[in-house]
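Scroll down for the structure; my scribbles are underneath it.
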Amino acid sequence: MEQSKKGFIPVMLTPFKDNGAVDYVALTRLTEMYLHAGAAGVFANCLSSEMFELTGEERLSIIKHVVETVDGAVPVVATGTFGGPIEKQADFIKRVYDTGTSAVIAITSLLADVNEPDTALNDRVFDLFDQTENIPLGFYECPVPYKRLLSPEQIQHFAATGRVIYHKDTCLNLEIVKQKLEASKINKAFGLYDAYMVHAVESLKAGSAGLSCIQGNFFPELIVWLCDHYDDASRQHEVAMVQEFLTENMDVMHNVYPIIAKYYLTKRGLKITTTTRRDVGYFSPAIRNKIEDLYSNYTTLQSEIGI
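The structure is reproduced here in C-alpha cells:
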C-alpha cells in the first residue's frame, strides 16, 4: 500500500435486501460512496461485511463485484482465510486473489487456537507463504472468533519476507503500535492501518500508514480529512476537535453495529436497508435517538471544520 500519503481503508459493509439476499445494487452505491469520500483503498469481506455469515461463493462474488466497481481506482484487499487445514486456506487465498485484489488478508485468530503458542501461528504463516506462491498478503487482528494480536517480533519476522503489505491493527495500545511500526521498517511496502480511533492522530504521527475503522462507515470523508490534515500545523485546532469527536462517540458507534451504521447511511441518503445476517441485538428507540444525536453533532462538526 502506498506510504507517501496517509490513507483511509474502509472496512466495508455488506448491504442486504429485506429478504436477506446480498444487494449488489446497493453494494455498488456503497463502494462509490467510499471512493467519492477519498478512500485510499477498500477492505472487502471483513468482519463489518459479516463475512462469517456469508457462503464461500458469496464472499467471492462480493469481492469480485467490489473490484469491478472500483475498476483500478484504488487497491482492494479482502479476507481469504476461514480456518481449517493450511492447504484449504491457501486454496481460498488463491481464489480471492484471482478476483483482482491487491492483497489477501489472513485472520490471525484462524491460524492458531487460543491456547496455542506463537510458534504454532508462525509455522502456519510460513506454510501459507509457501503454498500461496508470491501473492501479497496481509493480517487482520479480527476479534472473532477471538482476538489474536501479533507481537512486534512477529511483525518483523513476517515483514522481512517482503510478502506482507497490509496489517489491520486492533491492539488498542499506542506504545505497541509504535513498536510494530519500528519492527516493520525492514519492509517499505508494509503498511499498518490502525483501527482504534481514540489514538488516531498519535498513531498517524507515529508512522501508521493510515486508518481502517468502523467510523468510516458513518462519515468516511471525516476519516479521510483526518488522514490529510493530522499533521497540518495550521489546522491543529480542528484536528483536536475531530479527535475529540471520535473519542466521545466511540461507544455509540459500536452499539448493535453494523445495523446502526446502515441506519446512519440511510440518513445520508444512501439507499440501503438495515438488514443484517448477524444477531447483534435489538435496535431500540434509545439507540436510534443516540444515532440521531450523532448525525446532528456530525453535521455541526462538518460546518466547523469546513468539510
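The sequence shown begins at 829 in my numbering and counts up by one.
A virtual CB, placed ideally from N, CA and C, is assigned to each residue, including glycine.
Can the beta-carbon of residue i be found less than 8 Å from the beta-carbon of residue j?
i: F871; j: L1039; result: no
i: A1089; j: N1117; result: no
i: F844; j: T1127; result: no
i: C999; j: L1032; result: no
i: V1070; j: L1050; result: yes
i: Y1085; j: I1119; result: no
i: T897; j: T929; result: no
i: K1099; j: A854; result: yes
i: T927; j: V895; result: yes
i: L939; j: L949; result: yes
i: L1122; j: V1080; result: yes
i: L1002; j: E1030; result: yes
i: A1028; j: V1005; result: no
i: T1075; j: M1025; result: yes
Tell me which residues share the same chain as residue i and place their Cβ nearer than 8 Å to its Cβ, disregarding the 5 neighbours each side in the sequence.
i: G966; result: V905, A931, V932, I933, A934, V992, I993, Y994, H995, K996
i: N962; result: R991
i: V1108; result: V1084, Y1085, P1086, I1087
i: A987; result: A1011, S1012, I1014, N1015, F1018
Can you check which of these residues, the options, is closest to residue i by C-alpha distance?
i: T909; options: A901, N1001, L888, G1097; result: L888
i: T936; options: T929, D946, G928; result: D946
i: S1124; options: T1101, R1096, M1025; result: R1096
i: Q959; options: A1114, T1075, S1131, R923; result: R923
i: V953; options: P913, V1029, H893; result: P913
i: S1012; options: H1027, S1036, V1026; result: S1036
i: E1066; options: W1053, T907, L956; result: W1053
i: R1105; options: Y852, E878, L1122, H1082; result: E878
i: M840; options: G848, D846, N873, K834; result: N873
i: T907; options: H893, A901, C970, K1006; result: C970
Please return the same chain residues whose Cβ sits closer than 7 Å to the Cβ of residue i, not counting the five positions on each side in sequence.
i: V972; result: L875, F880
i: I850; result: In the sequence as displayed, the identity of residue 850 is Val instead of Ile. Closer than 7 Å at the Cβ level, and outside the excluded window around V850, lie T842, F844, E886, I890.
i: P838; result: Y862, A867, V870, F871, G1044, N1045, P1048
i: D919; result: none
i: V942; result: Y974
i: A1023; result: K996, D997, T998, S1040, C1041
I'd like the list of long-range same chain contacts for residue i, defined as Cβ closer than 6 Å, with 5 residues on each side in sequence excluded.
i: G1134; result: none
i: L1129; result: F1073
i: Y968; result: I933, I935, K996
i: K834; result: L1032, G1038, C1055
task = Kindly provide the ranges of any alpha helix (DSSP H) runs that are 4 or more residues long and lie completely inside the stretch 843-912, ordered along the chain.
result = 852-865, 884-898
query = Residue ranges of each alpha helix (DSSP H) run of no fewer than 4 residues wholly in the stretch 948-1023, ordered along the chain?
reply = 980-987, 1002-1011
request  = Could I get the ranges of all uninterrupted alpha helix (DSSP H) runs contained in the stretch 1040-1110, with 4 residues as the minimum, in chain order?
outcome  = 1048-1057, 1064-1076, 1078-1082, 1087-1095
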